[in-house]
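Heads up: the structure comes next, in structure tokens.
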Amino acid sequence: MKILAIESSCDETACAIVEDGVNVLANVIYSQIALHQKTGGVVPEVAAREHVTKIIPVIEQALAEAKLSWDDIDGMAVTQGPGLISSLMVGTVTASMLATIKKKPLIPVHHVEGHLYAPFLGRTDVIVFPIMLLTVSGGHNEIVLMRDHGEYEIIGETLDDAAGEAFDKVARILGLEYPGGPAISKAAANGKRDAFKFPRALNEKKNFNFSFSGLKTAVLYAVNEFRKQNNIHSELPEQFVADCAASFEEAICDSLSKKFLYAAQAYKPKELQVTGGVSANRYLRLLLQQRNTLGVALHFPQDLKYCTDNAAMIASAAFFKFSRDPNCATNLVIPGASFDLA
Ligand code: KG4
Ligand code: ZN
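Take 46 as the starting number for the sequence shown in my numbering and just add one per residue.
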């Protein structure tokens with residue numbers, strides 16, 4: 046079954062065509078990052094306007110890349126939420142309209158469920174449940190036990206900021222560009238990971254929830270203190286930024302990897318998967334690989350493009366959802382800015 050999916054929940058206008066949930070035939074992503082760098086973050090109205098102009102060209106490009114016509118498409122999928130409501134509107138209205146005109150079943154998908162399916166893309170081996178997932182992004186941060194397709198239990202979640210959000214906010218504090226994740230990693234390459242002892246919250250072994258707002262505040266205090274002591278009112282020195290970035294990355298990746306592996310120890314899944322924008326982080330991958338002594342395979346999305354927002358993951362989640370329950374399809378998807386996964 047070939048599904049054409051649309052994702053427009055935040056600042057990526059994306060369309061993908063995926064066969065049978067894993068075989069990616071096209072994955073087009075128009076990123077608005079350059080536009081939002083000017084404001085240091087996403088302005089919803091600006092993002093929605095950009096989606097409006099890019100959505101049809103992106104869909105046409107996906108069909109062209111896959112060398113397919115609408116007749117070859119068996120179904121459609123779209124991100125219903127959560128996300129920026131004005132951005133979601135563009136995707137859901139376009140998908141609903143096209144599904145009606147082209148007479149295709151339209152499958153609504155939860156954005157986080159999409160991220161849970163990103164590590165499935167491109168896999169040809171047999172996937173055995175239960176799977177334990179760490180899904181870390183700008184908007185969400187959860188440990189999920191996936192007992193089967195569509196059966197999710199949230200084992201832990203952030204009590205305040207998501208990890209990606211913390212990367213973005215700390216980057217801003219340090220004067221680095223948006224999005225913060227890649228910018229922090231780049232700066233951290235020249236810094237000392239033990240230069241600052243930043244806090245790890247909720248550190249007990251059985252607590253699978255996260256909290257990153259104290260960590261963010263600790264970086265802010267370190268910066269303010271440094272400015273005061275050195276009488277700096279403008280740009281921070283490169284080495285100080287590198288040391289702060291490296292110590293912050295150490296603290297956040299330490300928390301994410303330890304908590305995830307503690308949860309895995311407690312629930313004994315058959316496989317581990319890490320997904321979402323922050324799963325692109327090299328240092329997080331390294332710590333997880335080094336610390337994974339459970340004898341269980343650890344998977345990341347096969348392509349870095351599947352970590353951050355994309356429509357291929359939405360098509361994958363839609364395929365497994367539709368296979369379980371064809372009645373989930375509709376021809377009108379009303380966007381929801383926030384609702385629960387499990
Ligand atoms: O999944 P995503 O594209 O959007 C949401 O669903 O939120 O994730 C975007 C987030 C941003 O906060 C960005 O800073 C973070 O993922 N990110 C990274 C890296 N690449 C993107 N964080 C850490 N290291 C990276 N290499
Ligand atoms: Zn996302």
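C-beta: ideal position from N, C-alpha, C; glycine also.
- How big is the Cα-Cα spacing for S131 and T98? In the sequence shown, the residue the question calls residue 131 occupies position 86. In the sequence shown, the residue the question calls residue 98 occupies position 53. A straight-line Cα-Cα distance of about 14 Å links S131 and T98.
- Query: Near F365, what residues of its chain come up, given a Cβ to Cβ distance below 6 Å and the 5 sequence neighbours on each side ignored?
  - Reply: On the sequence shown, residue 365 is found 320 positions in, with the first residue counted as 1. Annotation for F365: G66, H194 place their beta carbon closer than 6 Å to its own, counting only its chain and skipping 5 residues before and after.
- Where are the beta strand (DSSP E) runs, 3 residues long or more, that stay fully inside the stretch 140-171, in chain order? Every beta strand (DSSP E) stretch that sits fully inside the stretch 140-171 and reaches 3 residues is listed by chain position as 151-155.
- Message: What residue range does the beta strand (DSSP E) around M177 cover?
- Response: The residue you call residue 177 lines up with position 132 of the sequence shown. Unbroken beta strand (DSSP E) run through M177: 176-181.
- Task: Could you tell me the boundaries of the alpha helix (DSSP H) in which V97 lies?
- Result: Reading the sequence shown from its first residue, position 52 is the one you call residue 97. Under the DSSP assignment, V97 falls in the alpha helix (DSSP H) whose first and last residues are 89-111.
- Task: Using three-state DSSP, classify D213 as helix, strand or coil.
- Result: By 1-based counting over the sequence shown, the position of residue 213 is 168. It is helical.
- Item | Close beta carbons around K250, own chain, < 6 Å, minus the five adjacent residues each side | Here the question's residue 250 lines up with position 205 in the sequence shown. Closer than 6 Å at Cβ, skipping near neighbours: Y307.
- Item | Under 7 Å between C-beta atoms of I359 and T137 | Your numbering for residue 359 matches position 314 in the sequence shown. Your numbering for residue 137 matches position 92 in the sequence shown. Taking a C-beta distance under 7 Å as the contact criterion, I359 and T137 do not qualify as a contact pair.
- Query: Got a sec, what are the start and stop residues for the alpha helix (DSSP H) C352 sits in?
  - Reply: Stepping through the sequence shown from its first residue, residue 352 is reached at position 307. Following the DSSP letters along the chain, one finds C352 in no alpha helix (DSSP H), marked with neither H nor E.
- Query: When you compare each of A240, F384, R336, A356 to A61 by their alpha carbons, which one comes out closest?
  - Reply: Within the sequence shown, numbered from 1, the residue matching residue 61 stands at position 16. The shortest Cα separation from A61 among A240, F384, R336, A356 belongs to A356.
- Item | Cβ contact (3+ pairs, closer than 8 Å) linking the stretch 332-346 and the stretch 162-174 | Yes: the two stretches touch, three or more of their Cβ pairs being nearer than 8 Å.
- Message: Give me the residue from Q318, A363, L332 with the minimum Cα distance to A342.
- Response: Position 297 of the sequence shown, counted from the start, is the residue given in the question as residue 342. Closest option to A342, Cα to Cα, is Q318.
- Residue interval of the beta strand (DSSP E) (run including L343): Against the sequence shown, residue 343 aligns to sequence position 298. From DSSP, the beta strand (DSSP E) with L343 extends over 342-344.
- Query: Based on Cα-Cα distance, which residue from E110, Y351, R217, D170 lies nearest to L161?
  - Reply: Mapped onto the sequence shown, residue 161 falls at position 116. Of the candidates E110, Y351, R217, D170, the one whose C-alpha sits nearest the C-alpha of L161 is Y351.
- Query: Is any heavy atom of ligand 2 found at a distance shorter than 6 Å from the C-beta of S182?
  - Reply: The residue given as residue 182 occupies position 137 in the sequence shown. In this structure, S182 has its beta carbon less than 6 Å from a heavy atom of ligand 2.
- Could you tell me the distance, in whole angstroms, from the CA atom of T353 to the CA atom of V323? For the purposes of this step, residue 353 is taken as residue 308 along the sequence shown, with counting starting at 1. For the purposes of this step, residue 323 is taken as residue 278 along the sequence shown, with counting starting at 1. Going from the Cα of T353 to the Cα of V323 covers about 8 Å.
- Query: Counting Cβ pairs closer than 8 Å, one from the stretch 201-212 and one from the stretch 167-185, do we hit at least three?
  - Reply: The stretch 201-212 and the stretch 167-185 touch, with no fewer than 3 CB-CB distances between them shorter than 8 Å.
- Query: What separation, rounded to the nearest whole angstrom, lies between the Cα atoms of D170 and Q334?
  - Reply: By 1-based counting over the sequence shown, the position of residue 170 is 125. By 1-based counting over the sequence shown, the position of residue 334 is 289. Distance between the alpha carbons of D170 and Q334: 20 Å.
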